[in-house]
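A short worksheet on the structure shown next.
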Amino acid sequence: MTAATPDAPATVPAGRPAEGRRSAAFPRLLAMEWTKFRSVRSTVWSLLAFLILTLGLSVLFTWLTTSQWSKMDPSQQLDYRRDPTGNILGSGFVLGQLAICVLGVMVITSEYSTGMIRASVLAAPRRTPMLAAKALVFAVVTFVVGEIVSFGAFFLAAPILNSKVPVSLGDKGVLRALLGAGLYLMMLGLFALAIGTLIRHTAGAITGVIAFVEVLAPLAQLLPGSLGKHVHAYLPTEAGHLVAQSAPGPNDLLSAWQGYGVFCLWTAVLLIAAGWVLKRRDA
Amino acid sequence: MIEVHDLSKRYGAKTAVDHLTFSVQPGRITGFLGPNGAGKSTTMRLILGLDRPQSGTATIDGVRYADLREPLRKVGALLEARAVHTGRSAYNHLLCLAQSQGLPRKRVDEALALVGLTEVAKKRAGGFSLGMGQRLGIAAALLGDPQVLILDEPVNGLDPEGVLWIRNLMKALAAAGKTIFVSSHLMSEMAQTADHLVVIGRGALIADESVDAFIARSSDHSVLVRTPQPSQLAKELERTPAEGEADGVTVATAEDGALIVRGMTAQEIGEKAAAARVVLHELTPQRASLEEAFMEMTRGSVEYHADSDPQAGAVGGIGGGIGDAVAPGFAAPAAAPPGAVPAGAAPPTAAPSDNEAEPAEPAVPTSGSEAAE
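Protein chains in written order, with this note's numbering: chain S, 742 to 1024; chain F, 6 to 378.
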């Protein structure tokens, strides 16, 4: 047994830092999650895709709208006059937000598919603080990027629209709508993160989120009478996107902030459920 | 110290770990042995708080893993399945783990240097070979300079040099007073590293004792005798029943004419031979090798698991290439029935201590690990 090899010296690692130092664990987990987030290429790609898609589509749709203005339906013209900001943002966000959904799901499901979740859970065995740190990091990133995109889209598209519908930052509700767009995307990211944590598989979770965002809303409108109207109004993204409108629509049941509150509630419930199952399940 | 008490884990109808109780002491290497699918990985996952047990407790120095404040500074773990995001570089993987424990960046560089991954630190872990991935896992385990190391099949996928390196590393860490708990399905590997063994089969404890005691307890003890008067000696030995031996004495003749005597010690045989004035040319006690002892003890649990674990063949193939050529894993227990020890092609004169020296590095077939690279 003592016939050890001379060429492979077994070095005992040294340099143990002061142990037992009392320090808050949560900032450490934030640092960990930030490193995780920025060190994977897919996050950068997703955010870039979101940025380009949203800005490009906002400008494109606004340009198409102004060039086709005279041929447009009077009700569409009215809608643009009522809420030019929401229309500028909406045209880009319809597709761009899907990138945030995918990213929110992937932030957690990629840990499951690669096995990284085991390393994460070994480092943070209480698990829920890790999810909280992940959610906070992701929320800040999506909020910042969301604000860049919403203000960017507005400043690019508003001059184009100006010939038909003049709109400026000082108009009533515009600033709230632009800030609200970032808040909406942030909450959408957390919503996707929660579903990703619950489902764990990328494809399944993305399907689940898209179902909420794109499928349930038209489906709910098929329900008869006021039932359909109410169900539709309280769906997470239908309620949530109201905060990104500069003026309420004629059929809106909820105000901008009420709608956002409903979205927050959906997300909070799902995140709590996600934390609960994360703690209970075998990793 | 790791303490496992009455630990049980079921997955649906299958019991993976069945009321296990044992402890792992500091300052030595404790081998955790069992056939593939015996529950080794599950037990380690339970100790590490990755899985929830149905019953029982597992503690590290009296504290559940989940209650450790800076777990990676206390316990380093290498899991059998990879635990690395394939899109992240080795450096960033270790960095995020270091940050979670408040460890300085320089620990990341140290850990990378320790396992020899400095040059590929910025490369994506997804492109790593099996051996490099294993080294990265070991770097993560050593990152926090932990007191306790839990390593699940650490030599898997390592080349011979890597196998030797991890062996020496474990010995050095054990000598420094750390608790080393290392699993393997290869007895031969354990024979060269472990001081103490915890053996399980089908999730239940089979043995918890020193390597020597484990071998001594194994069934097959025989003495090889060479004499110019074999028939006379055989008659002499078989005629007189040994005292206290219910089974009596059996004498078999090997192909080369040597006698294999069971049920009698070398000392007794020598005395009998002297009394009968029989010349002896050789008198060698045979001990079952660790491999045979293990086979014998886990025989009941092997057959069942050989079928139920689809990875058995692959893992055995890789491990067999690394450890030595004795046993390519335990997927085929019929290949070497534990009874037929000394009549093999190899010279049956191996003294007990040769167990440790003989199957070391020189005779290693490298094909398995090369394929892995």
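The C-beta atom is built at its ideal place from N, Cα and C for all residues, glycine as well. Owing to the predicted nature of the structure, the values given are computational and were not obtained by experimental measurement.
For V89/F, the chain S residues whose Cβ falls inside 8 angstroms of its Cβ are T855, G856, M857 and A860, in order along the chain. With the criterion set as a beta carbon lying under 8 angstroms from some beta carbon of chain S, the members of the region 54-69 of chain F are G54, L55, D56 and R57, in sequence order.
Only R859, A860, V862, L863, A864, A865, P866 and R867 from the region 859-879 of chain S bring a Cβ to less than 7 angstroms from some Cβ of chain F.
If you compare the alpha carbons of I829/S, W998/S and D820/S with that of I901/S, the shortest gap goes to I829/S. Non-local beta-carbon contacts of A974/S in its own chain, meaning distances under 7 angstroms to residues more than five positions away in sequence, involve A980, L994 and L995 in chain order. When DSSP assignments are scanned along the region 918-992 of chain S, the uninterrupted stretches of alpha helix (DSSP H) that are 4 or more residues long and fall wholly within it turn out to be 943-951, 957-962, 966-975 and 977-981. Taking the C-beta atoms as reference points, L1019/S is found nearer than 8 angstroms to T938/S. Interface annotation, R110/F: not in contact with chain S, CB-CB separation never under 8 angstroms. Residue pairing by DSSP places G36/F opposite V187/F and L202/F in a beta bridge. Taking every protein chain shown into account, the CB of H98/F has 16 or more other CB atoms within 10 angstroms, so this residue is buried. Straight-line spacing of the CA atoms in V9/F and K45/F works out to 13 angstroms. Taking a contact to require three or more Cβ pairs closer than 8 angstroms, the region 1008-1015 of chain S and the region 37-52 of chain F do not qualify as touching.
Cβ-Cβ distances below 7 angstroms link L102/F to L77, A145 and L148 in the same chain, with the five nearest sequence neighbours on each side left out; the list follows chain order.
Secondary structure note for G81/F: its beta strand (DSSP E) is the uninterrupted segment V80 to L83. Pairwise C-beta distances place the region 199-209 of chain F out of contact with the region 167-174 of chain F, as fewer than three of them are shorter than 8 angstroms.
Per DSSP, the beta bridge partners of V256/F are V266/F. Considering only beta carbons, the part of the region 768-794 of chain S lying closer than 7 angstroms to chain F consists of R769, L770, A772, M773, T776, K777, S780, V781, R782 and S783, in chain order. Listed in chain order, the positions of the region 813-842 of chain S with a beta carbon within less than 9 angstroms of a beta carbon of chain F would be empty, since no residue qualifies.
Distance from the CA of A95/F to the CA of K128/F, rounded to the nearest whole angstrom, comes to 7 angstroms.
Within 7 angstroms of the CB of A1024/S, the CB atoms of chain F belong to L55, in sequence order along the chain.
Against chain S, the beta carbon of S94/F has neighbours under 9 angstroms at S780, listed in chain order. Taking each of G845/S, S861/S and Y925/S in turn and checking the Cα distance to A88/F, the smallest one comes out for S861/S.
Sixteen is the threshold: since fewer than 16 other Cβ atoms of the shown chains lie within 10 Å of the Cβ of F896/S, the residue is exposed. In the DSSP annotation of this structure, P866/S is not part of any alpha helix (DSSP H), being labelled neither H nor E.
Under the Cβ distance rule, E888/S does not count among the residues neighbouring chain F, no pair being separated by less than 8 angstroms. At least one CB atom of chain S sits nearer than 8 angstroms to the CB of N97/F. Per the Cβ contact rule, the region 117-132 of chain F is not in contact with the region 54-73 of chain F (fewer than 3 Cβ pairs under 8 angstroms).
In the structure shown, A18/F adopts coil according to DSSP, grouped into three states. DSSP places G167/F in the uninterrupted alpha helix (DSSP H) bounded by P165 to A180. Sequence-distant Cβ neighbours of S60/F in its own chain, meaning closer than 8 angstroms and more than five residues away, are D11, L12, S13 and H24. Under the criterion of beta carbons closer than 8 angstroms, L976/S and L963/S do not qualify as touching, at roughly 13 angstroms.
Counting only Cβ-Cβ distances below 9 angstroms, P76/F has contacts in chain S at L863, A864, A865 and P866, in chain order. Here DSSP, grouped into helix, strand and coil, assigns G61/F to strand. Closest by C-alpha distance to V113/F, out of D213/F, G32/F and L141/F, is L141/F. Counting along the chain, no beta strand (DSSP E) covers P233/F, and no H or E run does either.
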